[in-house]
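Q:
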């Protein structure tokens with residue numbers, strides 16, 4: 023299964039410019055309330071783990087900085 027990002031990739035949120043490391047991919051994660059596939063990503067500055075739907079992660083609001 024091909025995803026836009028892979029584990030370990032560093033991505034930048036286009037609006038905030040914050041950096042994140044991809045930790046888990048949509049083949050392993052789902053949003054509980056909707057069943058949508060999701061990514062988990064770690065904030066490089068806040069060290070929080072965030073979860074966002076695959077559709078939102080791949081719609082252009084995040085860009086790859088380094089694989």
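In our numbering, the protein residues as written are 23 to 89.
C-beta: ideal position from N, C-alpha, C; glycine also.
A quick note: this is a predicted structure, and the numbers were derived from the prediction, not measured.
(1) Quick one: is residue 81 buried, meaning 16 or more other Cβ sit within 10 Å of its Cβ, or exposed?
(2) Using a threshold of 7 angstroms, state whether the C-beta atoms of residue 45 and residue 64 are closer than that.
(3) Helix, strand or coil, according to DSSP, for residue 24 in the structure here?
(4) Look at the alpha carbon of residue 67 and the alpha carbon of residue 50, and state the distance between them as a whole number of angstroms.
(5) With C-beta atoms as the reference, is residue 41 less than 7 angstroms away from residue 52?
A: On the basis of the coordinates in this document:
(1) exposed
(2) yes
(3) coil
(4) 25 angstroms
(5) no
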